[in-house]
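Trainee: Structure below; questions to follow.
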């Protein structure tokens with residue numbers, strides 16, 4: 001190669017645009033997606049059981065061979081409600097569901113109400129952070145489970161990165177449960193969601209990280225615990241309707257909206 005040839009610009013490998021200046025989908029580079037679009041999932045997925053959530057996730061479900069981070073303000077308060085529909089599918093196919101270091105012993109009657117058979121459920125009582133991390137890594141490397149749900153509230157970024165590398169060898173689901181404060185920390189998990197309890201037995205889900213654009217508004221997922229569905233009266237299925245807004249009241253130099261229970265007029 002002569003000196004003049006070495007100074008020539010490199011030949012572009014980007015797909016040619018069409019007449020309108022947009023890249024044609026059939027010429028898109030494999031493994032690359034636009035930041036304004038939800039990316040494709042290279043591995044298999046398991047539907048989450050929540051149709052609105054599936055629409056917002058690459059591939060339409062929880063990814064396999066990848067780490068999914070679930071953040072919650074109170075540990076073990078909403079994680080089972082969020083993950084139960086997908087775990088039911090894993091159990092129906094005969095896959096083992098392994099819980100590593102949950103903060104509370106699993107409540108078997110509640111799991112049965114969620115459709116999870118205890119014969120497909122394994123609880124590993126790992127006490128220390130080192131034991132939890134080692135156990136989760138070995139389970140993912142062995143690729144012996146249909147789903148691994150591990151609680152590692154004190155996981156450091158480099159440890160999360162190691163779990164993501166191990167998850168790439170696992171054909172099942174891999175969930176890492178951490179506190180909500182971890183949303184401000186960096187994470188190698190390709191998918192991060194935060195779940196919080198909402199009004200009227202809802203789950204408020206905010207997708208913090210995905211292969212695609214940021215999520216504008218959190219999702220409201222109807223999620224009444226299975227054991228309460230047959231006990232709650234129709235009126236109590238929507239507790240927010242029992243509250244009314246009153247006139248603003250001055251308080252400490254500001255204005256607040258006071259909420260009071262609505263009384264039955266017949267009782268008054």
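In the numbering used here, the protein residues as written are 1 to 268.
Just so it is clear, CB atoms sit at the ideal spot from N, CA and C, and this is done for glycine as well.
1. Rounding to the nearest angstrom, what Cα-Cα distance links residue 40 and residue 187 in this structure?
2. Select from 202, 223, 201 and 192 the residue whose C-alpha is nearest the C-alpha of residue 289.
3. At what residues does the beta strand (DSSP E) containing residue 177 begin and finish?
4. Express the C-alpha separation of residue 143 and residue 21 in angstroms, rounding to a whole number.
5. Counting only the same chain and skipping the five closest in sequence on each side, list residues whose C-beta sits under 7 Å from that of residue 87.
6. Quick one: grab the DSSP three-state call for residue 68.
7. Give me the residue from 74, 122 and 104 with the minimum Cα distance to residue 182.
8. By the 10 Å Cβ neighbour count, where 16 or more other Cβ atoms means buried, how is residue 102 classified, buried or exposed?
9. Counting Cβ pairs closer than 8 Å, one from the segment 53-70 and one from the segment 194-213, do we hit at least three?
10. Between which residues of its own chain and residue 206 is the CB-CB distance below 6 Å, once the five residues before and five after are set aside?
11. Please give the ranges of any alpha helix (DSSP H) in the segment 71-131, keeping only runs that are unbroken, at least 4 residues long and fully inside the region.
12. Quick one, are the C-beta atoms of residue 177 and residue 141 less than 8 Å apart?
13. May I ask which residues mark the beginning and end of the beta strand (DSSP E) holding residue 196?
14. By the three-class DSSP mapping on this structure, what secondary structure does residue 151 have?
15. By the three-class DSSP mapping on this structure, what secondary structure does residue 208 have?
16. Looking only at its chain, what residues have a beta carbon closer than 7 Å to the beta carbon of residue 135, apart from the 5 residues adjacent to it on each side?
17. What I want to know is whether the C-beta of residue 173 ends up closer than 7 Å to one or more non-hydrogen atoms of the ligand NAP.
18. Work out the CA separation of residue 128 and residue 47 for me, nearest whole Å.
19. So residue 81 and residue 208 are in contact, right, with Cβ under 8 Å, and what is the actual spacing, rounded?
20. Got a sec, what are the start and stop residues for the alpha helix (DSSP H) residue 167 sits in?
21. According to DSSP, what are the bridge partners of residue 304?
22. Do residue 189 and residue 160 have their C-beta atoms within less than 8 Å of each other?
23. Spatial neighbours of residue 91 within its chain, please: CB distance less than 7 Å, with the 5 preceding and 5 following residues excluded, ordered by chain position.
24. Considering only residues of the same chain and omitting the five flanking positions on each side of residue 49, which have a CB-CB separation below 8 Å?
25. Can residue 58 and residue 38 be called in contact, C-beta distance under 8 Å?
26. How close, in whole Å, do the beta carbons of residue 65 and residue 170 come, if the pair is a contact with beta carbons under 8 Å?
27. Taking the alpha-carbon of residue 122 as reference, which of 131, 156 and 105 has the nearest alpha-carbon?
28. Among 139, 131 and 138, which residue has its Cα nearest to the Cα of residue 153?
Mentor: According to the structure data:
1. Using only the alpha carbons, I get a separation of about 20 Å.
2. The first residue shown for the chain is 1 and the last is 268, placing residue 289 beyond what the model contains.
3. Annotation: the continuous beta strand (DSSP E) that includes residue 177 extends over 173-179.
4. The predicted model places residue 21 with a pLDDT of 44, which falls under 50 and marks its position as unreliable; any figure quoted below should be read in that light. Whole-angstrom Cα-Cα distance: 45 Å.
5. The beta carbon of residue 87 is closer than 7 Å to those of 97, 116 and 147 in its chain, skipping five residues each way along the sequence.
6. In the structure shown, residue 68 sits in a strand (DSSP, three-state: E or B).
7. Of the listed residues, the one whose Cα sits closest to residue 182 is 74.
8. With 16 or more Cβ atoms within 10 Å of its Cβ, residue 102 is classed as buried.
9. The answer is yes - the segment 194-213 touches the segment 53-70, with three or more Cβ pairs under 8 Å.
10. Contacts found: 194 and 218.
11. As far as the segment 71-131 is concerned, its whole alpha helix (DSSP H) runs of at least 4 residues are 79-92 and 108-113.
12. Between residue 177 and residue 141, the C-beta gap is not smaller than 8 Å, which leaves the two residues out of contact.
13. For residue 196, the enclosing beta strand (DSSP E) begins and ends at 191-198.
14. Strand.
15. Strand at residue 208.
16. Excluding residues within five positions, the ones whose Cβ falls inside 7 Å are 100, 124 and 126.
17. Because no ligand of any kind appears in the structure shown, any question about the ligand NAP cannot be addressed here.
18. Near 32 Å, if we compare the C-alpha coordinates of residue 128 and residue 47.
19. Not a contact, Cβ separation roughly 19 Å.
20. For residue 167, the enclosing alpha helix (DSSP H) covers residues 157-167.
21. With the chain covering 1 to 268 only, the question about residue 304 has no answer from this structure.
22. Inclusion of residue 189 and residue 160 in the CB contact set at 8 Å is warranted, their separation being smaller than that value.
23. Contacts found: 97, 116, 117 and 120.
24. So the qualifying residues of the chain are 84, 85, 86, 88 and 89.
25. The answer is yes: Cβ separation under 8 Å.
26. Going by Cβ atoms, the distance from residue 65 to residue 170 rounds to 6 Å, so yes, they are a contact pair.
27. The residue with the shortest Cα to Cα distance from residue 122 is 105.
28. When each option's Cα is compared against that of residue 153, the closest is 131.
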